[in-house]
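Report on the structure given below.
2 protein chains.
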Amino acid sequence: MSLLEYHSKRAQLIADDRALRIDVVNGERFSEKSRQADVILRRIREEEARSIWAVEHDEVPHPFPGMEFLTGKDIILKTQLFNIITKMPKGALLHVHLDLTVNSTTLLALALQHPSIHICATAQVTPASIKSVNIEFRPLPPGFVPQCISLCLPTYKPGQWIPLRRAREQFDAALGGTEGFDRWVASCLSINPGEAYVTHNNNIRIWDKFRSAARLTGTLVYFAPIWRAYIRQFFEDTITDGVSYIEARINFSPKFMIGPDGEHNVPHKEWLSMFLDVLGEIHGDLRAQGRDDEFVGAKIIYTVIRNCEPEELEWYLNDCIEMKKLFPDIIAGFDLVGDENILRPLKDYLPQLLSFSTLQSSQGLPEHHHIPFIFHAGETLGDGSMADDNLYDALLLGTKRIGHGFSLVKHPKLMSICRERGVALEVCPISNEILRLTASMPMHPLPILINHGVPVALSSDDPSLFQNMGLSFDFFQVLAASDITGLLTLGHIARDSIQYSMLTLEEKARATFKWEERWERFVDEIVKFDGAQRN
Amino acid sequence: MSLLEYHSKRAQLIADDRALRIDVVNGERFSEKSRQADVILRRIREEEARSIWAVEHDEVPHPFPGMEFLTGKDIILKTQLFNIITKMPKGALLHVHLDLTVNSTTLLALALQHPSIHICATAQVTPASIKSVNIEFRPLPPGFVPQCISLCLPTYKPGQWIPLRRAREQFDAALGGTEGFDRWVASCLSINPGEAYVTHNNNIRIWDKFRSAARLTGTLVYFAPIWRAYIRQFFEDTITDGVSYIEARINFSPKFMIGPDGEHNVPHKEWLSMFLDVLGEIHGDLRAQGRDDEFVGAKIIYTVIRNCEPEELEWYLNDCIEMKKLFPDIIAGFDLVGDENILRPLKDYLPQLLSFSTLQSSQGLPEHHHIPFIFHAGETLGDGSMADDNLYDALLLGTKRIGHGFSLVKHPKLMSICRERGVALEVCPISNEILRLTASMPMHPLPILINHGVPVALSSDDPSLFQNMGLSFDFFQVLAASDITGLLTLGHIARDSIQYSMLTLEEKARATFKWEERWERFVDEIVKFDGAQRN
Numbered sequence: 002m003s004l005l006e007y008h009s010k011r012a013q014l015i016a017d018d019r020a021l022r023i024d025v026v027n028g029e030r031f032s033e034k035s036r037q038a039d040v041i042l043r044r045i046r047e048e049e050a051r052s053i054w055a056v057e058h059d060e061v062p063h064p065f066p067g068m069e070f071l072t073g074k075d076i077i078l079k080t081q082l083f084n085i086i087t088k089m090p091k092g093a094l095l096h097v098h099l100d101l102t103v104n105s106t107t108l109l110a111l112a113l114q115h116p117s118i119h120i121c122a123t124a125q126v127t128p129a130s131i132k133s134v135n136i137e138f139r140p141l142p143p144g145f146v147p148q149c150i151s152l153c154l155p156t157y158k159p160g161q162w163i164p165l166r167r168a169r170e171q172f173d174a175a176l177g178g179t180e181g182f183d184r185w186v187a188s189c190l191s192i193n194p195g196e197a198y199v200t201h202n203n204n205i206r207i208w209d210k211f212r213s214a215a216r217l218t219g220t221l222v223y224f225a226p227i228w229r230a231y232i233r234q235f236f237e238d239t240i241t242d243g244v245s246y247i248e249a250r251i252n253f254s255p256k257f258m259i260g261p262d263g264e265h266n267v268p269h270k271e272w273l274s275m276f277l278d279v280l281g282e283i284h285g286d287l288r289a290q291g292r293d294d295e296f297v298g299a300k301i302i303y304t305v306i307r308n309c310e311p312e313e314l315e316w317y318l319n320d321c322i323e324m325k326k327l328f329p330d331i332i333a334g335f336d337l338v339g340d341e342n343i344l345r346p347l348k349d350y351l352p353q354l355l356s357f358s359t360l361q362s363s364q365g366l367p368e369h370h371h372i373p374f375i376f377h378a379g380e381t382l383g384d385g386s387m388a389d390d391n392l393y394d395a396l397l398l399g400t401k402r403i404g405h406g407f408s409l410v411k412h413p414k415l416m417s418i419c420r421e422r423g424v425a426l427e428v429c430p431i432s433n434e435i436l437r438l439t440a441s442m443p444m445h446p447l448p449i450l451i452n453h454g455v456p457v458a459l460s461s462d463d464p465s466l467f468q469n470m471g472l473s474f475d476f477f478q479v480l481a482a483s484d485i486t487g488l489l490t491l492g493h494i495a496r497d498s499i500q501y502s503m504l505t506l507e508e509k510a511r512a513t514f515k516w517e518e519r520w521e522r523f524v525d526e527i528v529k530f531d532g533a534q535r536n
Numbered sequence: 002m003s004l005l006e007y008h009s010k011r012a013q014l015i016a017d018d019r020a021l022r023i024d025v026v027n028g029e030r031f032s033e034k035s036r037q038a039d040v041i042l043r044r045i046r047e048e049e050a051r052s053i054w055a056v057e058h059d060e061v062p063h064p065f066p067g068m069e070f071l072t073g074k075d076i077i078l079k080t081q082l083f084n085i086i087t088k089m090p091k092g093a094l095l096h097v098h099l100d101l102t103v104n105s106t107t108l109l110a111l112a113l114q115h116p117s118i119h120i121c122a123t124a125q126v127t128p129a130s131i132k133s134v135n136i137e138f139r140p141l142p143p144g145f146v147p148q149c150i151s152l153c154l155p156t157y158k159p160g161q162w163i164p165l166r167r168a169r170e171q172f173d174a175a176l177g178g179t180e181g182f183d184r185w186v187a188s189c190l191s192i193n194p195g196e197a198y199v200t201h202n203n204n205i206r207i208w209d210k211f212r213s214a215a216r217l218t219g220t221l222v223y224f225a226p227i228w229r230a231y232i233r234q235f236f237e238d239t240i241t242d243g244v245s246y247i248e249a250r251i252n253f254s255p256k257f258m259i260g261p262d263g264e265h266n267v268p269h270k271e272w273l274s275m276f277l278d279v280l281g282e283i284h285g286d287l288r289a290q291g292r293d294d295e296f297v298g299a300k301i302i303y304t305v306i307r308n309c310e311p312e313e314l315e316w317y318l319n320d321c322i323e324m325k326k327l328f329p330d331i332i333a334g335f336d337l338v339g340d341e342n343i344l345r346p347l348k349d350y351l352p353q354l355l356s357f358s359t360l361q362s363s364q365g366l367p368e369h370h371h372i373p374f375i376f377h378a379g380e381t382l383g384d385g386s387m388a389d390d391n392l393y394d395a396l397l398l399g400t401k402r403i404g405h406g407f408s409l410v411k412h413p414k415l416m417s418i419c420r421e422r423g424v425a426l427e428v429c430p431i432s433n434e435i436l437r438l439t440a441s442m443p444m445h446p447l448p449i450l451i452n453h454g455v456p457v458a459l460s461s462d463d464p465s466l467f468q469n470m471g472l473s474f475d476f477f478q479v480l481a482a483s484d485i486t487g488l489l490t491l492g493h494i495a496r497d498s499i500q501y502s503m504l505t506l507e508e509k510a511r512a513t514f515k516w517e518e519r520w521e522r523f524v525d526e527i528v529k530f531d532g533a534q535r536n
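Those sequence lines, one after another, are chains A and B.
Letter by letter, the first sequence follows residues 2 to 536 of the working numbering.
Letter by letter, the second sequence follows residues 2 to 536 of the working numbering.
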């Protein structure tokens, strides 16, 4: 074979190999300017791989593109590539747990606005104990009289409640005073690099930290007076990052939220009513700022923790239907959440889940308003484990998308079903990495999915725990870790996220139109800026 | 849908999903007794997952099945599952670098038998310096007079050569004396957990340690008086572990081995001649012990480091042909080796590699004796990097197998080519994990390959560096990390490794027949032992 023949065969083989990629299948979708922007970003990526990622940084030995997010974040923030990605229109955020979305510093600030919020600890907080002490929050009624004024006094007894503000003001100067307090509480509400990459460095262990941080966050978020401000903060941050539509999962497992009086008495319909109010406010604000086109709306996926008894699930399914009737435009789906490796598999709930559709009809919901399943499945390293097997049930039960689907790449038949039926995977790169399903982005199976033509949407999952607010960080990690995926690939993924949402056909068309307009402005800016820099 | 209908659909979906697996495609191959043994091993695996892997062990916090090999090895050795796997007939070992096969303690013992072997260090060895000092070995002529008698004396000057034996005898008691010396040298010749999982914990960094340990080992192995004993040791250990045929890669990049006189004067044909001698001795020994059926033979894959200039490669290709003429039954293939991420891609050598076949014909090798390519390719986390792209060239150049092919799972077209043409991947699970392509076995892409019907053979790669002697450890890690793969899967893989070898058709038939006899004895023993235990 001549070299010429060889190279022609080689080009054909590579083309065949990549024929299922979204950026090949829809190759004609974007403008010439998009293509120019893609080339510019590839150049910047290559330059920064050398100038930023191949050199040593203080406190970050041996960095590399797509490295452990919590360690590399400070470097990411310095790159031009990230700066550009923050401006990209991201489309829909389809996998995010509402109660884990606002960064812990902001959440603490919100909590400090409410004198009723108290804190307790499992021991006196000292320089020796601070790393092992566990804390709890609780809103207490106005008449409560604290027995101690500081967590740091030798007289502090485990479990004594202290008003949050006072605990902060009285925090030991040796521990950094109020600033030390803020750092400490924030670290309890999120996962830090030492935990993810040293002390809890595997998928089994890291869930311990996940659970404790999530539980702690929940006690603040599910306090009704914080709930509104919390949702508002989440919307604002997410929209600023270029997300134009949100499907947030709300964990409805607690049947009541805590009211201003400290009692568990706020029912689900109130939560949703507040959600709807805030959504209205956000729309109003954006209109007033002339930013209508940045946001088309938000919906809720009703979720229940998968530790409930199958019989108990019936209550939730009925409740979900009731909420759908009250908020038909808000309830977008139903899901079960929590660590699939140890909690109940979908299989345990088959009788309930198989009759959900009949139940909806019997309760008067017309078929076109039925609540679809949007199941978590395969968020695991297991091979044939019950978490891995959830993928079979999710698809057999007709899931519209798959939350994570990390282990899907092991399943050739399921991959082709997803491809043929257009069942998108909600892939959460940074979440997967911090929960130690993958050690870094270059190890992540996303390129396998993309090359096999399995539809994907990128998501952030639990940004308050992972510190990956918005979608810029996840898009960045994906872009940085590949030599094939480029800005156009991200563009295709972002645009299609709207198609994979639970919006109506008309809403999708409108949202896509708006997205495309923003995309054109975005790539135009990249090309202009690059031209200006080179002149 | 009724529950009954659902479960029937579910079973069908799982069957469809697994239809390409080797243990499904060849489901009828093994006896009923094999199936019983498979069930027994699944039971033991499940029991030990609870009784051994789910409990804490001294110095191994939070173990799990398929965990980091160097940390978990002591636990593996305690399991019944491993004990059984050591007795399994493994078939062919198809990917192993001959100069990195014998454990470092044994290699040191071999070196100590030769008074001409000297050692030097980059600094005086003290408790403070021992972790950072680098060493070298060299055979020196009998007349050499050392300037110092111990590496540990303050008078030791960097680079001074000391006879190895004397350096050992005079090793500082504070450093553990002779035992301390043995431990220290062994640690320089292999990769330890601290390096793999802490100091060099990523695929870029760990190659630094790999290179230094491999270079050091090479200076001993490529000393002709050690070579013979070294090969013999490798054969003996490997056969004892149940391997019945070996295709070892020899790095022929040094054009001469070092002779007893300390000169670089032993040509390639001498190396092969010694190899052939030892092979004959081994066959003789086994015959004498009545163990003929345990070993059918060994061949060599001629390898060159991929840093040589394309023009220089021509010398090696010619040399390889010459060796093939001298040792037609020994030379089984040609390959290029070394870190694909930084050394030359196959693409750089296209003119030479494309004309290799013509070159062989012109030098009188009949076509059926032509030397096949058996290329390393895709041993990388890159996505579209030059190492990843090597997969295209390896297949276009007609490689008979692929060394590693770690990134193949990203390539749908290449996966189907491998499946259709029967191009097996030489998968090296423990090597991949220690070189940080995967953080642990549950993260390894092997199940993706198996479920997609891509042929695989399990290999050990560099057992002296990774301490995974034989094939038992690699088979064990694969078995422990799955709930689907069982003893039958391992049996299919072991049996097929003979089919994917470069043996002739008749040799393959004979080797397979012998393997099957041993397999039956093996499963028979498992079933008998289990029956005896239960009565």
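Heads up, the beta-carbon is just placed ideally off N, CA and C, and yes, glycines get one too.
In chain order, A225, F257, M258, I259, G260 place their CB closer than 8 Å to the CB of V267 of chain A, counting only its own chain and leaving out the 5 sequence neighbours on each side. Of the residues assessed, N536 of chain B falls on the exposed side of the cut-off, its CB having fewer than 16 other CB atoms within 10 angstroms.
Between M275 of chain A and E313 of chain A, the alpha-carbon positions lie close to 26 Å from each other. With a beta-carbon spacing of about 7 Å, R233 of chain B and I283 of chain B fall inside the 8 Å limit used to define contacts.
In terms of CA proximity to E69 of chain A, A:M444 leads the group A:R250, A:M444, A:A175. DSSP, read as helix, strand or coil, puts I118 of chain B in strand. Here T304 of chain B is bridged, per DSSP, to B:N252, B:D336. Taking C-alpha positions only, L360 of chain A is separated from L318 of chain A by approximately 9 Å. Between E137 of chain A and the set A:L190, A:L154, A:S130, the nearest pair of CA atoms involves A:L190. Under the three-state reduction of DSSP, F376 of chain A is assigned to strand. Secondary structure of V479 of chain B (DSSP, three-state): helix. Membership of V457 of chain B in the beta strand (DSSP E) is indicated by the continuous run 457-459. In the structure shown, A299 of chain B falls within a strand segment according to DSSP collapsed to helix, strand and coil. Using a CB distance cut-off of 9 Å, D484 of chain A counts as an interface residue toward chain B.
Nearest C-alpha to P367 of chain A among A:S133, A:I322, A:G385: A:I322.
Beta-bridge analysis with DSSP links E427 of chain B to B:G404, B:A458.
Under a 10 Å Cβ-count criterion, G423 of chain B is classified as exposed, with fewer than 16 other Cβ atoms of the shown protein chains found around its own Cβ. Nearest neighbour of G404 of chain A by Cα position, chosen from A:R139, A:H412, A:A395, A:H58, turns out to be A:A395.
If you look at G92 of chain B, you'll find it isn't in any alpha helix (DSSP H); it sits in the beta strand (DSSP E) that goes 92-98.
Using a Cβ-Cβ distance cut-off of 8 Å, the segment 464-472 of chain A and the segment 429-440 of chain B are not in contact, since fewer than three pairs of beta carbons, one from each stretch, lie closer than that value. Taking each of A:L176, A:P64, A:V338 in turn and checking the Cα distance to S130 of chain A, the smallest one comes out for A:L176. Neighbourhood of S151 of chain B in chain A, by CB distance below 8 Å: empty, with the nearest CB roughly 34 Å away. Under the three-state reduction of DSSP, P226 of chain B is assigned to helix.
The alpha-carbon separation between Y501 of chain A and A174 of chain A amounts to approximately 52 Å.
Against K515 of chain A, chain B offers no close residue; the least beta-carbon distance is about 31 Å (beta-carbon pairs closer than 8 Å). In this structure, the alpha-carbon of E341 of chain B lies about 11 Å from that of W208 of chain B.
Per the coordinates, the alpha-carbon of W228 of chain A lies some 40 Å from the alpha-carbon of R46 of chain A.
A straight-line Cα-Cα distance of about 7 Å links P164 of chain A and P116 of chain A. Per the C-alpha coordinates, the member of B:V26, B:D389, B:K79, B:S35 positioned closest to V528 of chain B is B:S35. For T304 of chain A, none of the residues of chain B pass the 9 Å Cβ criterion, the least Cβ distance being about 23 Å.
Inclusion of R496 of chain A and D294 of chain A in the CB contact set at 9 Å is not warranted, their separation being larger than that value.
Our two residues, F407 of chain A and E380 of chain A, have alpha carbons roughly 5 Å apart in a direct line.
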